[in-house]
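Step one of this worksheet: look at the structure below.
Number of protein chains: 2
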Amino acid sequence: MTTTATENPHRPSSYAPKQGDAPGLPIDPIAEAHRQWIAHGWVASADGMAAITSLMRAQQLVLARVEAVLRPFGITFARYEVLMLIYFSRRGSLPMRTIGSRLQVHQTSVTNAVDRLEAAGLVQRTAHPTDRRTTLIELTAAGRGLAERATEALNDRVFEHPGLTADAVTDLVGTLATLRHAAGDF
Amino acid sequence: MTTTATENPHRPSSYAPKQGDAPGLPIDPIAEAHRQWIAHGWVASADGMAAITSLMRAQQLVLARVEAVLRPFGITFARYEVLMLIYFSRRGSLPMRTIGSRLQVHQTSVTNAVDRLEAAGLVQRTAHPTDRRTTLIELTAAGRGLAERATEALNDRVFEHPGLTADAVTDLVGTLATLRHAAGDF
DNA sequence: CTCAGATGGTCGGACGTCCAACTAACGGAT
DNA sequence: ATCCGTTAGTTGGACGTCCGACCATCTGAG
Chain R
1 MTTTATENPH RPSSYAPKQG DAPGLPIDPI AEAHRQWIAH GWVASADGMA
51 AITSLMRAQQ LVLARVEAVL RPFGITFARY EVLMLIYFSR RGSLPMRTIG
101 SRLQVHQTSV TNAVDRLEAA GLVQRTAHPT DRRTTLIELT AAGRGLAERA
151 TEALNDRVFE HPGLTADAVT DLVGTLATLR HAAGDF
Chain Z
1 MTTTATENPH RPSSYAPKQG DAPGLPIDPI AEAHRQWIAH GWVASADGMA
51 AITSLMRAQQ LVLARVEAVL RPFGITFARY EVLMLIYFSR RGSLPMRTIG
101 SRLQVHQTSV TNAVDRLEAA GLVQRTAHPT DRRTTLIELT AAGRGLAERA
151 TEALNDRVFE HPGLTADAVT DLVGTLATLR HAAGDF
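Residue numbers (full-length UniProt numbering), protein chains in the order written: chain R, 1 to 186; chain Z, 1 to 186.
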């Protein structure tokens, strides 16, 4: 058929080795979008578009990798972050709203995560000694143990080999900190 | 833009936060987590942890900025990406499967997005001329117009001012491309 | 030609996120 | 002492993502 234009450039073959030259060389969809932006005269925004789109896609792929490691522990990355935040807290407990502001997520997301962590017996809601509005979250013994084992797994299988050189990692952290600061984080 | 140490990589602006006792305000939660990682002896994974956590948070903040611009148009970023993919296609239409693989999202996510776009009258499902399994998606006139207006808004209000220097943007795109490639994108 | 496996799409469910609206409690002002 | 604005947390709904399961169709082997 003559109707095979942009149709078929993708055949990643999940667990095939990615080194070596594929017959039809794969296209990076973001590089392609960047070309289109230029071609349409949107020159001033082409780089920014590429950066932001890259950020979205990279996050999605990295998150999938993290979730795969966490799955055997029965938690997600969102819940892992809550666990670690409490794990590191000086008093061993944190109010809901503090968790939300540290993680930069909506209060209702914290309620959701804590509901599931509590149902799994990993954290416990307790009363604030002086402010009856406030709910303090603390780890159970099971929660503390799981936090440590999950961290070990994540360190071994993701954080130690993020897929970048050490310099690139350091640069990335700095650049993203600038971006986060501009967007209102910390 | 290179940040050398692992301790205090960034002090970008002279913004003076109120140095008060309010819980968790002036400090960067990721820098704090990095400190904790070191303190617990997880030295080899501290930088990777910071990089990946930064990626998650930055994506979330940037996405919120993008969605805010898109909201008046009645679409989300996911649907915008679908629109633009078809907009740039040579024949003006793409199969569902191709959309999914280009955007690196699950088939069901494409079904979801196309359902909503079709309900809004922005795209149209049409039959593939030879393969009856395949559904082709094409833009309506309204969809094409909205894609152009939304792109103009995004270019003006986000992509032209991503919150980074031009050099940092270029660096970021390259670094994230490495990351994406390592994670199986393109 | 027939049939088994591969491929394209959809459906229902689980999860995390946000928003709007609500209840409960704190705290300052009158 | 009461009132009212603010704050902490929850509920219900919308949306995007993934997964498992399912049906329809295509393709290749016999």
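From the three backbone atoms N, C-alpha and C, an ideal C-beta is built for every residue, glycine too.
CB contact check: residue i to chain Z, cutoff 9 Å
{"i": "R:Q124", "result": "no"}
{"i": "R:M56", "result": "yes"}
{"i": "R:P129", "result": "no"}
{"i": "R:G145", "result": "no"}
{"i": "R:I75", "result": "no"}
{"i": "R:E67", "result": "no"}
{"i": "R:T135", "result": "no"}
{"i": "R:L176", "result": "yes"}
{"i": "R:A150", "result": "no"}
{"i": "R:A31", "result": "yes"}
{"i": "R:R132", "result": "no"}
{"i": "R:A183", "result": "yes"}
{"i": "R:A142", "result": "no"}
Distance, residue j Cα to residue i Cα
{"i": "R:T134", "j": "R:D115", "result": "16 Å"}
{"i": "R:A44", "j": "R:W37", "result": "9 Å"}
{"i": "Z:D167", "j": "Z:F77", "result": "25 Å"}
{"i": "Z:P23", "j": "R:P95", "result": "In this predicted model, Z:P23 has a pLDDT of only 39, less than 50, meaning its place in the structure is not dependable; the value taken from the coordinates is given anyway. C-alpha separation (whole angstroms): 10 Å."}
{"i": "Z:T98", "j": "Z:Y87", "result": "14 Å"}
{"i": "residue 194 of chain Z", "j": "R:R132", "result": "In the structure displayed, chain Z extends from 1 to 186; residue 194 of chain Z sits before or after that span and is not available."}
{"i": "R:A64", "j": "R:R71", "result": "10 Å"}
{"i": "R:G48", "j": "R:P129", "result": "49 Å"}
{"i": "Z:I30", "j": "Z:T53", "result": "7 Å"}
{"i": "Z:A33", "j": "R:Q104", "result": "14 Å"}
{"i": "R:E160", "j": "Z:V66", "result": "31 Å"}
{"i": "R:R180", "j": "Z:R91", "result": "39 Å"}
{"i": "R:W42", "j": "R:R35", "result": "10 Å"}
{"i": "Z:V173", "j": "R:A141", "result": "43 Å"}
{"i": "Z:D171", "j": "R:A50", "result": "11 Å"}
{"i": "R:N112", "j": "Z:S89", "result": "40 Å"}
{"i": "Z:A119", "j": "R:L85", "result": "42 Å"}
{"i": "R:A183", "j": "Z:Q59", "result": "10 Å"}
{"i": "Z:L61", "j": "R:F73", "result": "28 Å"}
{"i": "Z:L55", "j": "R:L55", "result": "7 Å"}
Same chain only: Cβ atoms within 7 Å of residue i, ignoring 5 sequence neighbours per side
{"i": "R:V69", "result": "A153, L154, R157, V158"}
{"i": "R:P162", "result": "V169"}
{"i": "R:T126", "result": "S93, L136, E138"}
C-beta neighbour in chain R for residue i, strict 9 Å
{"i": "Z:L61", "result": "yes"}
{"i": "Z:R102", "result": "yes"}
{"i": "Z:V105", "result": "yes"}
{"i": "Z:L70", "result": "no"}
{"i": "Z:L139", "result": "no"}
Counted within 10 angstroms of its Cβ, other Cβ atoms place residue i as buried (16 or more) or exposed
{"i": "Z:R57", "result": "buried"}
{"i": "R:T175", "result": "buried"}
{"i": "Z:R149", "result": "exposed"}
{"i": "Z:T165", "result": "exposed"}
{"i": "Z:A177", "result": "buried"}
{"i": "Z:Y80", "result": "buried"}
{"i": "Z:A39", "result": "exposed"}
{"i": "R:R102", "result": "buried"}
{"i": "Z:A46", "result": "buried"}
Spatial neighbours of residue i in its chain, beta-carbon cut-off 8 Å, leaving aside the 5 residues before and after
{"i": "Z:L83", "result": "I75, L117, L122, V123, L139, G143, L146, A147, A150"}
Proximal residues to residue i (C-beta, below 6 Å), its chain only, five neighbours per side dropped
{"i": "R:V110", "result": "M96, I99, G100"}
{"i": "Z:Q107", "result": "G100"}
Q) Can you list, in chain order, the residues of the region 153-169 of chain Z whose Cβ is nearer than 9 Å to any Cβ on chain R? A) L154, N155, D156, V158, F159, E160, H161, P162, G163, L164, T165, A166, A168, V169
Q | Contact list for the region 37-49 of chain Z against chain R, Cβ threshold 7 Å | A | W42, A44, S45, D47, G48, M49
Q. Which of the residues in the region 78-101 of chain R, read from start to end, lie with their CB under 9 Å from any CB of chain Z?
A. E81, M84, L85, Y87, F88, L94, P95, R97, T98, S101
Q) Along the region 109-123 of chain Z, what residues have a CB closer than 8 Å to any CB found in chain R? A) none
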